[in-house]
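The numbers in the sequence shown follow our numbering, run straight up by one, and end at 736. A virtual CB, placed ideally from N, CA and C, is assigned to each residue, including glycine. Since the structure is predicted, the reported quantities are computational estimates derived from the model, not experimental observations.
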Amino acid sequence: MLYGATGYTGRLVIRAALARGHRPVLAGRNADKLAALARAHDLDFVAVGLDETTALREAVGRVEAVFHCAGPYIETGAPMRAACLAASTSYLDLTGELPCLQDAFEDDKAARAAGIAIVPAVGFDVVPTDCLLRHVSDAVGGATRLDVAIAANARPSAGTAKSALGVLAEGAAIRRDGRIVRVPLASEVRKVRFPSGTRTVVLAPIGDVCTAYVSTGATEIRAWMAQSPATARLMKSMAPLLATALKQPRLRRAAMRWIERRVEGPDDAFAARAGVEIWARAERRGQVRQAWLRTPEAYRLTADVSVRVLERVLAERPVGALAPSQVLPLSALLELDGVELLDALP
Numbered sequence: 391m392l393y394g395a396t397g398y399t400g401r402l403v404i405r406a407a408l409a410r411g412h413r414p415v416l417a418g419r420n421a422d423k424l425a426a427l428a429r430a431h432d433l434d435f436v437a438v439g440l441d442e443t444t445a446l447r448e449a450v451g452r453v454e455a456v457f458h459c460a461g462p463y464i465e466t467g468a469p470m471r472a473a474c475l476a477a478s479t480s481y482l483d484l485t486g487e488l489p490c491l492q493d494a495f496e497d498d499k500a501a502r503a504a505g506i507a508i509v510p511a512v513g514f515d516v517v518p519t520d521c522l523l524r525h526v527s528d529a530v531g532g533a534t535r536l537d538v539a540i541a542a543n544a545r546p547s548a549g550t551a552k553s554a555l556g557v558l559a560e561g562a563a564i565r566r567d568g569r570i571v572r573v574p575l576a577s578e579v580r581k582v583r584f585p586s587g588t589r590t591v592v593l594a595p596i597g598d599v600c601t602a603y604v605s606t607g608a609t610e611i612r613a614w615m616a617q618s619p620a621t622a623r624l625m626k627s628m629a630p631l632l633a634t635a636l637k638q639p640r641l642r643r644a645a646m647r648w649i650e651r652r653v654e655g656p657d658d659a660f661a662a663r664a665g666v667e668i669w670a671r672a673e674r675r676g677q678v679r680q681a682w683l684r685t686p687e688a689y690r691l692t693a694d695v696s697v698r699v700l701e702r703v704l705a706e707r708p709v710g711a712l713a714p715s716q717v718l719p720l721s722a723l724l725e726l727d728g729v730e731l732l733d734a735l736p
């Protein structure tokens with residue numbers, strides 16, 4: 391079942407799933423939109439709200455796995471996971487929100503008892519970064535410190551932009567001594583060498599602070615996002631004001647409405663020319679290993695890679711709350727068009 395099928399990312403996932411020979415049941419709240427989309431692809435659909443507890447449980451109980459594409463996950467994740475646990479149906483989503491990731495991993499025992507997999511963040515957040523971090527961690531025999539940085543030419547969808555409001559309101563985060571610690575957005579700034587050149591990066595609220603702990607056991611983790619030097623300075627100076635403003639309900643609601651009207655996500659032309667570069671660094675007892683990934687545009691990669699993760703869940707039946715690289719290894723990620731691993735730069 392693909393819940394949130396009528397959204398921007400949901401439609402991309404439908405296209406990727408059909409190309410791989412799958413026929414997902416489309417799901418969401420809006421029956422009219424679902425019916426039109428289902429007719430266009432000759433697929434079945436079910437209209438059910440996340441607040442319809444009994445109907446939702448019955449719907450997810452008729453499938454082997456739910457791919458939950460409807461954010462913001464801080465509001466939508468818990469009710470869908472609860473339905474999946476009750477119905478013994480595996481659960482996957484696209485969240486990158488730290489509280490949602492923490493909640494998902496806290497369901498590990500419940501998932502094992504139900505005999506299902508809970509695999510959050512199976513899109514661009516965080517499959518490529520998690521796979522790369524595990525690669526460099528393994529290279530040093532199990533990292534104690536990990537850093538990851540992303541340089542992306544990005545254009546968000548409405549769902550991503552809405553989720554970002556909540557993320558930015560909480561600032562950035564690091565993992566220190568095994569615990570997640572909140573810090574101001576862009577409170578640290580550094581330079582990182584990417585394949586295309588050296589960039590300024592800032593501390594950012596990226597999900598790897600949570601997922602890489604699960605996949606590698608590293609107790610010190612920092613995640614960074616590339617920005618122009620001027621933007622980095624502005625973010626560092628304005629972060630406290632931004633966090634305070636986004637915690638105001640009235641302002642948040644206004645921002646949500648603006649996003650719904652104005653934000654559509656990248657079109658095919660933008661996606662074709664956009665790309666992402668990722669850097670990862672692992673450290674253990676003086677040993678250091680770096681590596682880089684090049685990937686296609688984030689949403690196109692999300693659609694392709696998430697379907698591959700889903701296929702692994704259906705075929706291999708893993709159990710428990712798992713980080714993406716515990717289901718899909720780097721070798722499988724590298725089979726996707728446009729994904730390239732670099733263990734050194736010239």
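DSSP three-state assignment for residue i, whether helix, strand or coil
| i | result |
| --- | --- |
| residue 615 | strand |
| residue 496 | helix |
| residue 446 | helix |
| residue 483 | strand |
| residue 507 | strand |
| residue 516 | strand |
| residue 564 | strand |
| residue 572 | strand |
| residue 408 | helix |
| residue 392 | strand |
| residue 701 | helix |
| residue 523 | helix |
| residue 650 | helix |
| residue 440 | coil |
| residue 596 | coil |
| residue 586 | coil |
| residue 469 | helix |
| residue 638 | coil |
| residue 719 | coil |
| residue 529 | helix |
| residue 645 | helix |
For residue i: DSSP bridge partner residues
| i | result |
| --- | --- |
| residue 435 | 416 |
| residue 686 | 665 |
| residue 673 | 535, 678 |
| residue 580 | 591 |
| residue 710 | 507 |
| residue 603 | BP columns for residue 603 are empty, so no partner. |
| residue 455 | 480 |
| residue 540 | 615, 668 |
| residue 610 | 535 |
| residue 731 | 683 |
Assigned exposure category for residue i - 16 Cβ within 10 Å defines buried
| i | result |
| --- | --- |
| residue 520 | buried |
| residue 647 | exposed |
| residue 353 | Because the chain in this structure spans residues 391 to 736, residue 353 falls outside the shown range and cannot be described. |
| residue 718 | buried |
| residue 588 | exposed |
| residue 725 | exposed |
| residue 678 | exposed |
| residue 643 | exposed |
| residue 606 | buried |
| residue 480 | buried |
| residue 462 | buried |
| residue 407 | buried |
| residue 704 | exposed |
| residue 422 | exposed |
| residue 394 | buried |
| residue 515 | buried |
| residue 434 | exposed |
| residue 696 | buried |
| residue 518 | buried |
| residue 741 | This structure gives no information on residue 741, because the portion of the chain shown stretches from 391 to 736. |
Distance between residue j and residue i (C-alpha atoms, nearest Å)
| i | j | result |
| --- | --- | --- |
| residue 464 | residue 488 | 9 Å |
| residue 445 | residue 451 | 10 Å |
| residue 586 | residue 436 | 46 Å |
| residue 492 | residue 600 | 7 Å |
| residue 584 | residue 669 | 7 Å |
| residue 443 | residue 454 | 18 Å |
| residue 597 | residue 714 | 11 Å |
| residue 404 | residue 675 | 45 Å |
| residue 510 | residue 523 | 17 Å |
| residue 701 | residue 537 | 29 Å |
| residue 673 | residue 397 | 40 Å |
| residue 625 | residue 595 | 13 Å |
| residue 720 | residue 612 | 21 Å |
| residue 429 | residue 619 | 48 Å |
| residue 576 | residue 431 | 44 Å |
| residue 602 | residue 439 | 32 Å |
| residue 449 | residue 426 | 20 Å |
| residue 681 | residue 582 | 12 Å |
Residue-chain proximity (residue i, chain B), Cβ-Cβ < 8 Å
| i | result |
| --- | --- |
| residue 478 | The structure shown contains no chain B; it is built from a single protein chain. |
Check: residue i C-beta below 7 Å from any heavy atom of the ligand NAP
| i | result |
| --- | --- |
| residue 467 | As far as ligands go, the structure on display features none, and thus does not contain the ligand NAP. |
| query | Three or more beta-carbon pairs under 8 Å between the stretch 415-422 and the stretch 708-724, yes or no? | reply | no
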